[in-house]
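**Q** In terms of the working numbering, the sequence shown opens at residue 12 and continues consecutively.
Can you read through this structure? Questions will come right after.
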Amino acid sequence: MSDHTAREPQPVAMTREALKQDRIRTHFEKTHPEVALLTNDDFRESIAKLLNERPAGSEHIDGVYLFGYGSLVWNPCIEVAERRTVRLEGYHRDFCLSMEQGRGSPEAPGLMLSLQPGGFSEGVALRVAERDLDSELLLVWRREMLTGAYVPHWVTLTTSEGRFPGIAFVANPEHDRYIEGLAEHDIVHRLSTGEGVLGSCQEYLDNTVAHLRDLGIEDDYLEGIQYAVHALRGGAGR
Numbered sequence: 012m013s014d015h016t017a018r019e020p021q022p023v024a025m026t027r028e029a030l031k032q033d034r035i036r037t038h039f040e041k042t043h044p045e046v047a048l049l050t051n052d053d054f055r056e057s058i059a060k061l062l063n064e065r066p067a068g069s070e071h072i073d074g075v076y077l078f079g080y081g082s083l084v085w086n087p088c089i090e091v092a093e094r095r096t097v098r099l100e101g102y103h104r105d106f107c108l109s110m111e112q113g114r115g116s117p118e119a120p121g122l123m124l125s126l127q128p129g130g131f132s133e134g135v136a137l138r139v140a141e142r143d144l145d146s147e148l149l150l151v152w153r154r155e156m157l158t159g160a161y162v163p164h165w166v167t168l169t170t171s172e173g174r175f176p177g178i179a180f181v182a183n184p185e186h187d188r189y190i191e192g193l194a195e196h197d198i199v200h201r202l203s204t205g206e207g208v209l210g211s212c213q214e215y216l217d218n219t220v221a222h223l224r225d226l227g228i229e230d231d232y233l234e235g236i237q238y239a240v241h242a243l244r245g246g247a248g249r
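Below, the structure is given as structure tokens:
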């Protein structure tokens, strides 16, 4: 085995066990020591602050709802007590977070979805029961908040049966991974080429579109990007 091969990072699956053992952090610390990471104490402080600020209506909910709009839809890695298809007004999906690790590399950076102000988005509300909040929210924060590229916000989620509060992870415009106004052809190129230890950006895109469709959700933005990515890569459609 060559020295180059020996140094290549090994794949890291995004699983519940990996999050429980904090393997994503361990990987970053070994392979990207230059990347600043939030600590587990930071996570617990953030979670406690958010839970202490539960908005009106939370008293009727056993636990809290998380808004899934990307990989949380198809690979939450946590104990979910209930799932509901929901609409979020005031935020839309956008590929606005650069990925030079995880699903990208410095040579071929990828992109990750986040939420931006304006418009609306549809996704899934995942309820974490009150008894499980300490353990399960820590896993979510290890997954979503490791580099601080997202900011957790209380939002209002809507179904045909009514409205209720939930937590959504919104883009942090102050973070160095944040990219505003990236042209569509640049988005398509990055999603076509980005790949890292967590897999490829195309896999992330395809899974998100497919599982949203399973929920009866058609997202024109995502489906248009997916069509262009497959066309660029010579795929046989979506």
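Glycine included, each C-beta is placed from N, C-alpha and C at the ideal position.
Measuring only the C-alpha atoms, how far is TYR193 from VAL199?
**A** The question names Tyr, yet the displayed sequence has Leu at residue 193. Here the alpha carbon of LEU193 sits roughly 10 Å from the alpha carbon of VAL199.
**Q** I need the DSSP call for SER211, collapsed to helix, strand or coil.
**A** Of the three classes helix, strand and coil, the one that applies to SER211 here is strand, per DSSP.
**Q** Measure the Cβ-Cβ separation of ARG36 and ARG153 and say whether it is below 8 Å.
**A** yes
**Q** When DSSP labels each residue in this structure, what does VAL203 get in the three-state scheme?
**A** The amino acid at residue 203 is misidentified as Val; the sequence shows Ser. Three-state DSSP puts SER203 in a helix.
**Q** Would you please state the rounded distance, in angstroms, between the beta carbons of CYS252 and LEU122? I believe it to be under 8 Å.
**A** Residue 252 cannot be examined here, being either before or after the span of the chain that is shown, 12 to 249.
**Q** For ASN183 and TYR76, I'd like the C-alpha separation in whole angstroms.
**A** 21 Å
**Q** For the stretch 44 to 131, which segments carrying the beta strand (DSSP E) assignment without a break, of at least 3 residues, lie completely within its bounds, in sequence order?
**A** Runs of the beta strand (DSSP E) inside the stretch 44 to 131: 75 to 79, 93 to 110.
**Q** Should ARG18 go down as buried or exposed, given a rule of 16 or more other Cβ atoms within 10 Å for buried?
**A** The predicted model places ARG18 with a pLDDT of 42, which falls under 50 and marks its position as unreliable; any figure quoted below should be read in that light. By the neighbour-count rule (16 or more Cβ atoms within 10 Å), ARG18 is not buried but exposed.
**Q** In the DSSP assignment, find the alpha helix (DSSP H) that holds THR167 and state where it starts and stops.
**A** Unbroken run through THR167 is the beta strand (DSSP E), 161 to 170; no alpha helix (DSSP H).
**Q** Quick check on the burial criterion: 16 or more other C-beta atoms within 10 angstroms. Buried or exposed for ASP225?
**A** By the 10 Å Cβ count, ASP225 comes out exposed.
**Q** Quick one: what's got a C-beta closer than 8 Å to ALA247's C-beta in the same chain, skipping five residues either side?
**A** Unreliable positioning characterises ALA247 in this predicted model, as indicated by a pLDDT of 43, which lies under 50. A coordinate reading is not provided.
**Q** Could you spell out where the alpha helix (DSSP H) holding VAL151 opens and where it closes?
**A** 144 to 155
**Q** Among CYS107, GLY68, LYS41, which has the Cα closest to the Cα of THR169?
**A** GLY68
**Q** Would GLY177 and VAL166 qualify as a contact pair, given that the criterion is a beta-carbon distance under 8 Å?
**A** yes
**Q** Indicate the three-state DSSP secondary structure (helix, strand or coil) for GLN237 in the structure shown.
**A** Helix at GLN237.
**Q** Got a sec, what are the start and stop residues for the alpha helix (DSSP H) ILE35 sits in?
**A** Run containing ILE35: 34 to 42, per the alpha helix (DSSP H) assignment.
**Q** I'd like to know whether the C-beta atoms of TYR215 and ARG114 end up nearer to each other than 8 Å.
**A** yes
**Q** Just how far apart, CA to CA, sit PHE131 and VAL97?
**A** 11 Å
**Q** Could you please give the first and the last residue of the uninterrupted alpha helix (DSSP H) stretch that includes ARG174?
**A** No alpha helix (DSSP H) contains ARG174, which is instead part of the beta strand (DSSP E) from 173 to 182.
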